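Here's the structure, in C-alpha cells; my notes come after.
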Amino acid sequence: MTAEPIGLIGLEPVKSIPVINSIEALAARYDALLCDAWGVIHDGVTLFPGVSGALTRFRETRGPVVILTNAPRPSFVIPPQLDRIGLPRSAYDCVVTSGDATRAAIEARLPSPAYKLGPSKDDPLFDGMAIEFVPLEEAGFIICTGMEDDRHETPDAYRDFLTRAAKRKLPMVCANPDIVVNWGGRMIWCAGALAEIYESLGGGVTYGGKPHAPIYDLALTRIEEIRGPTDRKRILAVGDGLRTDILGANTQNIDVLMIAGDGGVHEGGRDAAAVAAQMEKAGVYAIAAAEALQW
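Here the sequence shown stands for residues -10 to 284, where the numbers follow my numbering.
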C-alpha cells in the first residue's frame, strides 16, 4: 500500500516538523477549519477521543468547521453517520463530500449511458440524476465509487475489467480519490486504488474529491456563506492522507495539520524526523503534526 512520491514543483526538502499535542496551539491563527473525517474524526467504527471537544472549541472561539471528506456520497448522508458514532452536530457547521463534487462531473457527461462500478451503499450519489446504467460494452463512461466488496476484494481483482475498459478508452469519473482508509484498524481499499490502476493502463480519470480543486471550491463557498470572504491563509486543514488531505491543502495554498496517529493511514514513526521523512518522500508539507485532533 506504499504510494510512490507525488511531489510538488519547487518544494524545499523538509528536515523536521513541529509535533503538537493540542490544536489550541495553532487556533489563534485561523478563522475556519477544514477537517477530514475518516482517519481524523473516526475510523469508521469509533469516534476518536478529544475530537468532539476540539471541533466544538474551535467553532465556538474561532470560526466555522467544515467536514471535508472523500466519501463517494452526497453530503446529506454523512451527518446521520456521524450521529451514530457520537459526534454532536454542534461540533461542525456543514459537510462537503467528494460525492458533492463528483455529481457535477457526472452531469457533464450525461445523457451518455454509464457503467456503475461500486457497491449499492453508494447509490445515494445518483439520487435525482437521470443516469442510464448499462453493461460495459454499451457504456459511454464509467462511474467508480469503489469495489463491490471492499472488505474482501483487492484492486488487482479488477485489473482484467479495467484493461477491457481502457482498451475502449472509456473515461472514468472517480467518486473517491482515497487509495485506502483505516476501518477499525484494518486497511480498506477505496475507489482511488482502482482509478490509479486505470490510469496506469492509459485510461482517463476525472476526480472530484481531495486533492483536486472541485471539492475545495465547494468547501470555500460554504465558508464564505457562513462567515463571509475568508483569506485562505486564515483557513486550517486537518488530515491524515499524504496524497489527498495534505497534497490537496498544499495545492490550494491552505495550511494543514497532519494527523499521524493510529486511526489514520500514516505509515512509519510519529516523531518529527520520521513524519518529515514521510512528507519529503511524498513531496508534501504540513505546518505541524499531531497524533490526534485534540484541544
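Note that the Cβ used here is the ideal one computed from N, Cα and C, for glycine as well.
In this text, all values refer to a predicted model and were calculated from it rather than measured experimentally.
Considering only the beta carbon of each residue, do residue i and residue j sit closer than 9 Å?
i, j, result
"Tyr104", "Leu151", "no"
"Lys199", "Leu246", "no"
"Ile291", "Leu57", "Residue 291 lies beyond the range of the chain shown here (-10 to 284); nothing can be said about it."
"Gln267", "Ile12", "no"
"Ser101", "Gly197", "no"
"Gly228", "Gly28", "yes"
"Pro53", "Arg216", "yes"
Around the Cβ of residue i, are there at least 16 other Cβ atoms within 10 angstroms (buried) or fewer (exposed)?
i, result
"Arg92", "buried"
"Ser35", "Ser is not the amino acid found at residue 35; the sequence shown has Thr there. Classification of Thr35: exposed, given that the 10 Å Cβ count is below 16."
"Leu15", "buried"
"Arg73", "exposed"
Near residue i, which residues of its chain fall below 7 Å by C-beta distance, leaving aside the five closest residues on each side in sequence?
i, result
"Trp178", "Met136, Asp139, Thr143, Pro144 and Val169"
"Pro68", "Arg78 and Val84"
"Ala275", "Ile6, Ile235, Val245, Leu246, Met247 and Met268"
"His141", "none"
"Ala94", "Val162, Thr195 and Gly197"
Going along the chain, which residues of its own chain have a beta-carbon closer than 6 Å to the beta-carbon of residue i, five neighbours each way excluded?
i, result
"Leu225", "Tyr19, Leu22 and Asp244"
"Ala278", "Ile6, Val8, Met247, Ala249 and Val264"
"Glu214", "none"
Straight-line CA distance for residue i to residue j?
i, j, result
"Val264", "Phe122", "44 Å"
"Gly253", "Ala60", "With a pLDDT of 49 at Gly253, under the threshold of 50, the modelled position of this residue cannot be trusted; read the value that follows with caution. The straight-line gap from Cα to Cα measures roughly 15 Å."
"Val55", "Pro7", "24 Å"
"Asp32", "Ala164", "20 Å"
"Thr219", "Asp206", "13 Å"
"Gly230", "Glu96", "28 Å"
"Gly272", "Arg153", "33 Å"
"Ala43", "Pro108", "33 Å"
"Ala208", "Glu49", "19 Å"
"Ala281", "Ala17", "19 Å"
"Phe130", "Asp25", "29 Å"
"Pro166", "Leu106", "14 Å"
"Leu76", "Thr45", "10 Å"
"Glu127", "Thr134", "19 Å"
"Arg157", "Arg175", "35 Å"
"Pro124", "Gly39", "47 Å"
Could you pull out every residue in the same chain whose Cβ sits closer than 8 Å to the Cβ of residue i, ignoring the five residues on either side in sequence?
i, result
"Leu99", "Met118, Ala119 and Ile120"
"Ile155", "Inspection of the sequence shows that residue 155 is occupied by Ala rather than by Ile. Correct list, in chain order: Tyr187, Leu190, Gly191 and Gly192."
"Ser64", "Cys83, Val84, Val85, Thr86, Gly88 and Asp89"
"Ser41", "Gly75, Leu76, Pro77 and Ala80"
"Ile221", "Before going further, note that residue 221 is Arg rather than Ile in the sequence given. If we look at Arg221 and ignore the five residues flanking it on each side, its Cβ neighbours are Leu209, Gln241, Asn242 and Ile243."
For a cutoff of 9 Å on Cβ pairs, would you count residue i as touching chain D?
i, result
"Gly193", "In the displayed structure, chain D is absent; only one protein chain is listed."
Within the present structure, is the beta-carbon of residue i separated from the nearest heavy atom of the ligand ADP by less than 8 Å?
i, result
"Asp244", "Annotation note on the ligand ADP: not contained in the displayed structure, which lists no ligands."
Hey, is the segment 75 to 83 in contact with the segment 179 to 192, meaning 3+ C-beta pairs nearer than 8 Å? no
If we count Cβ pairs, one from each stretch, closer than 8 Å, do we get three or more for the segment 113 to 129 versus the segment 178 to 188? no
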